[in-house]
Amino acid sequence: MEDLFSVFDFTLEESTQLVEKITSIHNNQKFHGFFSHVGMSSGDYLNFQIPDNLVVVGDLHGDFTSLKKIMYKIDYYAYLKSESNILIFLGDYIDRGKYSLEVLLFLCSIKSMFPTNVFMLRGNHEAYHRFPFSSFDFLRDLQDKFYDSGKTLYIHTMIPFFDSLSGICEINGFSLLLHGGLPVVQDKEFLRNYKFRMSEMKSDQELLKEILWNDPREFTDRDWQVSNRGLGKYFGINITMNWINHTKTKLIIRGHEPCMGYKFNHDNRVMTLFSSKDPYPKFESSYLQISKKEMESLELTLDIKEFVRGT
Ligand SMILES: [Mn+2]
Numbered sequence: 170m171e172d173l174f175s176v177f178d179f180t181l182e183e184s185t186q187l188v189e190k191i192t193s194i195h196n197n198q199k200f201h202g203f204f205s206h207v208g209m210s211s212g213d214y215l216n217f218q219i220p221d222n223l224v225v226v227g228d229l230h231g232d233f234t235s236l237k238k239i240m241y242k243i244d245y246y247a248y249l250k251s252e253s254n255i256l257i258f259l260g261d262y263i264d265r266g267k268y269s270l271e272v273l274l275f276l277c278s279i280k281s282m283f284p285t286n287v288f289m290l291r292g293n294h295e296a297y298h299r300f301p302f303s304s305f306d307f308l309r310d311l312q313d314k315f316y317d318s319g320k321t322l323y324i325h326t327m328i329p330f331f332d333s334l335s336g337i338c339e340i341n342g343f344s345l346l347l348h349g350g351l352p353v354v355q356d357k358e359f360l361r362n363y364k365f366r367m368s369e370m371k372s373d374q375e376l377l378k379e380i381l382w383n384d385p386r387e388f389t390d391r392d393w394q395v396s397n398r399g400l401g402k403y404f405g406i407n408i409t410m411n412w413i414n415h416t417k418t419k420l421i422i423r424g425h426e427p428c429m430g431y432k433f434n435h436d437n438r439v440m441t442l443f444s445s446k447d448p449y450p451k452f453e454s455s456y457l458q459i460s461k462k463e464m465e466s467l468e469l470t471l472d473i474k475e476f477v478r479g480t
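Structure representation (structure tokens):
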């Protein structure tokens, strides 16, 4: 699909068919697993080897303009044609911005064309039916566009699609990627079997909620505290180092908090990426683009700043 704008003309039927197709690709990949040039993966826990190239995009929130700029900058069609190049989105595709549906349809289009190179993680906005919160306009957008059928589309197509999204991705020896933050886990047995346990997160509401809602905060006198968001927790550096040591990764990459494109927490072990601009005029939008050699040779996590690009 060379024309980024064709998603603006999708009919109700075309939108439904495309999203349902991606839901079945996701469910098939989870259930049967899949092989790609970056390894085999299955279940809710995506797990890859370091790919030749990696692009990570943070929260979009219906900002089609920023998405389009990033796609042009990485030359997405040529980039994705190489099977060892991976493109990961960190969730929060909808709400706040004007083009939630179009952002979703574009992501589904590239997933449809490149099913083993494109990965969409789940954000807290893709779980409204589980954890209702105040800002939510996607359903209204669908009803404005498709009238009564908008609600049917939401319930029968969008909710199963949200449920098909994976919660977390590990790139071996490099990074853990997720939308909100690390779950506060004290149980040593859990950490020993973390891949298996994280794969079961759909049946564990508390775990899913923390992954979608948690934020890093700078305190060292305790492991975590209650979040001002009303959902999820603030996790401290002890939690981060626990996960880093268990997974033998270098840093955590997450979205969820508006910032000037990126920010660091916990001695630079947690990087926040934010890619939405239109609904957040005071903040900046950026993305990460890094090669295999750069991922392998990265020593100081702050050096990853060199690979963050503005839109
Ligand atoms: Mn979020």
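Residue 170 is where the sequence shown starts when you use the numbering used here, and the numbers rise one by one after that. A virtual CB, placed ideally from N, CA and C, is assigned to each residue, including glycine. It should be emphasised that the depicted structure is a prediction, and the values quoted were computed from it without experimental measurement.
Taking the DSSP output, what are the residues bridged to residue 275? Taking the first residue of the sequence shown as 1, we reach residue 275 at position 106. Looking at the DSSP assignment, residue 275 forms no beta bridge with any residue, so it has no partner.
Run through DSSP, which three-state label would residue 385 get? Here the question's residue 385 lines up with position 216 in the sequence shown. Residue state, collapsed to three classes: strand.
Going by DSSP, what residue range makes up the alpha helix (DSSP H) through residue 416? Taking the sequence shown and counting its residues from 1, the one referred to as residue 416 is at position 247. Note, residue 416: alpha helix (DSSP H), 406-416.
Any idea what DSSP makes of residue 207, helix, strand or coil? As a first step, residue 207 is located in the sequence shown; it is residue number 38 there, counting from the start. Three-state result, residue 207: coil.
Residues that residue 453 bridges to, as DSSP identifies them: As a working mapping, residue 453 is identified with position 284 in the sequence shown. Answer by DSSP bridge pairing, in chain order: 429.
For residue 405 and residue 387, I'd like the C-alpha separation in whole angstroms. Within the sequence shown, the letter at position 236 stands for residue 405. Within the sequence shown, the letter at position 218 stands for residue 387. Cα to Cα, residue 405 sits roughly 6 Å from residue 387.
What distance in whole Å lies between the Cβ atoms of residue 400 and residue 292, which are believed to be in contact at a cut-off of 8 Å? Here the question's residue 292 lines up with position 123 in the sequence shown. Here the question's residue 400 lines up with position 231 in the sequence shown. About 13 Å separates the two Cβ atoms, so there is no contact after all.
For ligand 1, is there a heavy atom less than 7 Å away from the beta-carbon of residue 349? Walking along the sequence shown from the start, residue 349 turns up at place 180. Checking every heavy atom of ligand 1 against the Cβ of residue 349, one is found closer than 7 Å.
Alpha-carbon spacing of residue 190 relative to residue 421, whole angstroms: In the sequence shown, counting from the first residue as 1, residue 190 sits at position 21. In the sequence shown, counting from the first residue as 1, residue 421 sits at position 252. Rounded to the nearest angstrom, the two C-alpha atoms are 31 Å apart.
Could you tell me the alpha carbon to alpha carbon distance between residue 417 and residue 188, rounded to whole angstroms? The residue given as residue 417 occupies position 248 in the sequence shown. The residue given as residue 188 occupies position 19 in the sequence shown. Using only the alpha carbons, I get a separation of about 35 Å.
Going by alpha carbons, who is nearest to residue 176 out of 242, 224, 268? One-based indexing of the sequence shown puts residue 176 at position 7. With distances taken between Cα atoms, residue 176 lies closest to 268.
Rounded to whole angstroms, what's the CA-CA distance from residue 288 to residue 277? Just pull it up for me. Translated into the one-based positions of the sequence shown, residue 288 becomes position 119. Translated into the one-based positions of the sequence shown, residue 277 becomes position 108. Cα to Cα, residue 288 sits roughly 10 Å from residue 277.
Please report the straight-line C-alpha distance between residue 150 and residue 411, rounded to a whole angstrom. Lying outside 170 to 480, the shown extent of the chain, residue 150 is not represented and no answer is given.
Can you name, in chain order, every residue of its own chain whose Cβ lies under 8 Å from the Cβ of residue 478, other than the five neighbours on each side? Here residue 478 refers to the residue found at position 309 of the sequence shown. Contacts found: 242, 455, 456, 457, 458.
Check whether the Cβ of residue 435 sits closer than 7 Å to any heavy atom of ligand 1, and report yes or no. Along the sequence shown, read from residue 1 onward, the residue named residue 435 stands at position 266. With a cutoff of 7 Å, residue 435 does not count as near ligand 1, since its C-beta is closer than that to no heavy atom of the ligand.
Can you tell me whether DSSP reads residue 304 as helix, strand or coil? Taking the sequence shown and counting its residues from 1, the one referred to as residue 304 is at position 135. In the three-state scheme derived from DSSP, where H, G and I count as helix and E and B as strand, residue 304 is classed as coil.
Decide yes or no for the touch test of the region 362-374 against the region 219-239: beta carbon pairs closer than 8 Å, at least 3 of them. Put simply, the region 362-374 does not touch the region 219-239. Fewer than three CB pairs are less than 8 Å apart.
Spatial neighbours of residue 446 within its chain, please: C-beta separation below 8 Å, excluding the five flanking residues on both sides. In the sequence shown, the residue the question calls residue 446 occupies position 277. Excluding sequence neighbours, residue 446 sits near 232, 234, 235, 452, 453, 454, 480.
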